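Quick notes on the structure that follows.
Residue numbers (my numbering): 3 to 74.
Rendered as structure tokens:
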């Protein structure tokens with residue numbers, strides 16, 4: 003099932019990695035300097051891989067969507 007993902011990244015190094023990488027054809031990046039975060043939005047069918055990848059960022063990444071990812 004294709005899900006929409008929305009994740010905020012806060013650590014400087016995490017924001018740089020996100021800015022320099024391509025995760026999906028439909029990805030949207032929004033930089034918010036006032037809050038010192040970058041938001042990544044995209045769709046994917048690879049929930050388990052995204053969950054594992056997200057954990058590598060530790061507290062520097064905060065999932066906002068989908069609810070299943072937020073609860074994990």
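From the three backbone atoms N, C-alpha and C, an ideal C-beta is built for every residue, glycine too. These numbers come from a predicted model, not from an experiment.
Environment of residue 63 [buried if 16+ CB atoms lie within 10 Å]: Residue mapping note: residue 63 aligns to position 61 of the chain shown, counting from 1. Residue 63 is buried by the Cβ-count criterion.
Limits of the unbroken beta strand (DSSP E) element including residue 34: Taking the chain shown and counting its residues from 1, the one referred to as residue 34 is at position 32. Bounds of the beta strand (DSSP E) holding residue 34 are 30-34.
Tell me which same chain residues have a C-beta within less than 7 Å of the C-beta of residue 3, skipping the five on either side of it? In the chain shown, residue 3 corresponds to position 1, counting from 1. Taken in chain order, the residues that qualify are 47.
Thinking C-alpha only, which one of 17, 56, 61 is nearest residue 7? As a working note, residue 7 is residue 5 in the chain shown. If we check each option's Cα against that of residue 7, 56 comes out closest.
Can you tell me the Cβ-Cβ gap for residue 49 and residue 5, rounded? I've got them flagged as a contact below 8 Å. Residue 49 sits at position 47 when you count from the first residue of the chain shown. Residue 5 sits at position 3 when you count from the first residue of the chain shown. Sure, about 6 Å apart at Cβ, within 8 Å.
Taking only three categories from DSSP, how would you classify residue 46? Translated into the one-based positions of the chain shown, residue 46 becomes position 44. Reduced to three states, the DSSP call for residue 46 is strand.
Give the range of the beta strand (DSSP E) segment to which residue 10 is assigned. Locating residue 10 in the chain shown gives position 8, counting from the first residue. Its beta strand (DSSP E) spans residues 5-11.
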